[in-house]
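Numbered by UniProt numbering, the letters in the sequence shown go through residues 5 to 331 in order.
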Amino acid sequence: TAQELALPVGVTLDRFIMHSQSAFPYATGELSQLLRDIALAGKIINREINRAGLVDIAGGNGTENVQGENQQKLDIVANIRFIRALKNGGEVCAILSEEDEDIIHTGNNHGKYVVAMDPLDGSSNIDVNVSIGTIFSIYRRVTPINGPASIDDFLQGGRKQVAAGYILYGSSTMLVYSTGDGVNGFTFDHSLGEFILSHKNICSPAKGSIYSVNEGHFHSYPAFVQNYIGQCKVKNFSARYIGSLVGDFHRNLLKGGIYLYPSTKKDPKGKLRLLYECYPLAFIIEQSGGKASDGFGCILDIIPTSFHQRSPVYIGSIEMVDAVVKA
Ligand code: P6P
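Below, the structure is given as structure tokens:
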């Protein structure tokens, strides 16, 4: 909004949120508080991640999540911390997490919002000190206030998100989110314990020369993807793939580029999850002028049918995404 654009780089997240809310006279502050709750959880996870090498919470803990993936201890810590922060914040009536099969009812049935999240994506990178991230997606509930949330609150479709974003635990820790009026980035200042506005009104470059894909699966990709990858090589594009979605996505958002996770023989529907990976990042990329496709249409237009469904994803600079589908 014009108000947000007027704010100088360097203001705190709290100031920015209050300023944004002032643009909506009827806003009653619950979404603002929810964004603060997410930022708080991000600060707590950031602290845990930075200590991972020092205390015994790195590495796998011998259990599997609902996806059948080995759970890293920090996965569990992040899941617990986010659920606790959202429960204590009071604005969220239910949560869908990658780590849990079913929705988690917070007990705040008066809460207007539900959150779908991947509390710590790319967690297999923790032990090798590669960037990891939290991804979140926020909907206004459709079930009656004061009653229990239900699956309907989570299967509204990508275009019903009221906000979405991610926290990147990288060389610095950043919160990047949108409430539907553009995308802004906040860098965590450890000395203040605050997220500070550092990237105002992030715009996805229409063109780019970075492609992010796991070329080890090349021979199981659809022909149009193989063709596109071939074109990237002919054009001497740069291959950048760190195996951590939020890190790859964020770099491509700032510099221009495309991230591809196509369907494969192993994952015929793709690997990434629609509700708490593809939808929120598609919301962000569209808000910044980029594009997100499943190879047939916009990710945000996919009609969801189940909590943990997967989707192929081609996301980033609009001209690069358009080129894939035409490849
Ligand atoms: P692959 C991490 O497990 C993740 O979900 C994303 O963060 C990452 O981009 C992708 O999977 C990596 O998958 O099959 O290339 O190892």
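Ideal placement from N, C-alpha and C gives every residue a C-beta, glycine not left out. What you are looking at is a predicted structure, and each value in this text was computed from that prediction instead of being measured.
Nearest in C-alpha terms to P316, of all of G251, Y225, K259 and Q160, is Y225.
R145: not part of any alpha helix (DSSP H); DSSP gives it neither H nor E. Excluding its 5 nearest sequence neighbours in each direction, D122 has C-beta neighbours in its own chain below 6 Å: E102, I139, Y280 and E281, listed in chain order. At least one heavy atom of the ligand P6P lies less than 7 Å from the C-beta of L276. Around the ligand P6P, the residues selected by a Cβ distance under 5 Å to any of its heavy atoms are D125, G126, N218, G247, S248 and L249, following chain order.
DSSP places E323 within a helical segment (H, G or I) once states are collapsed to three.
D125 has G137 as its beta-bridge partners, per DSSP. Collapsing the DSSP output to three states places E102 in coil.
Short of 7 Å from the beta carbon of G161, and not among the five residues preceding or following it, lie these beta carbons of its own chain, in chain order: I307 and P308.
Rounded to the nearest whole angstrom, the CA to CA distance from A62 to I262 is 30 Å. Ranked by Cα distance from G126, the options N113, G111 and D252 are led by D252. Annotation: the continuous alpha helix (DSSP H) that includes S36 extends over E34 to R55. The beta-bridge partner set that DSSP reports for G189 consists of V180 and H203.
The secondary-structure analysis by DSSP pairs T16 across a beta bridge with I200. Annotated three-state conformation of H23 is helix, per DSSP. In this structure, DSSP gives E73 a state outside helix and strand, which the three-state scheme calls coil.
Taking C-beta atoms as the reference points, V96 and L38 count as a pair closer than 8 Å. Secondary structure note for Y232: its alpha helix (DSSP H) is the uninterrupted segment A227 to V238. Contact between G14 and L201 holds, with the beta-carbon distance rounding to 6 Å and staying under 8 Å. The C-alpha of R88 is placed about 10 Å away from the C-alpha of D41. Using a Cβ distance threshold of 8 Å, D157 and A98 count as a contacting pair.
Pairing P152 with N113 gives a Cβ-Cβ distance under 8 Å. Our two residues, T191 and V328, have alpha carbons roughly 32 Å apart in a direct line. Here DSSP, grouped into helix, strand and coil, assigns G162 to helix. The secondary-structure analysis by DSSP pairs C302 across a beta bridge with S297.
Taken through DSSP and simplified to helix, strand or coil, S242 comes out as strand. Counting other Cβ atoms within 10 Å of its Cβ, C236 reaches 16 or more and is therefore classed as buried.
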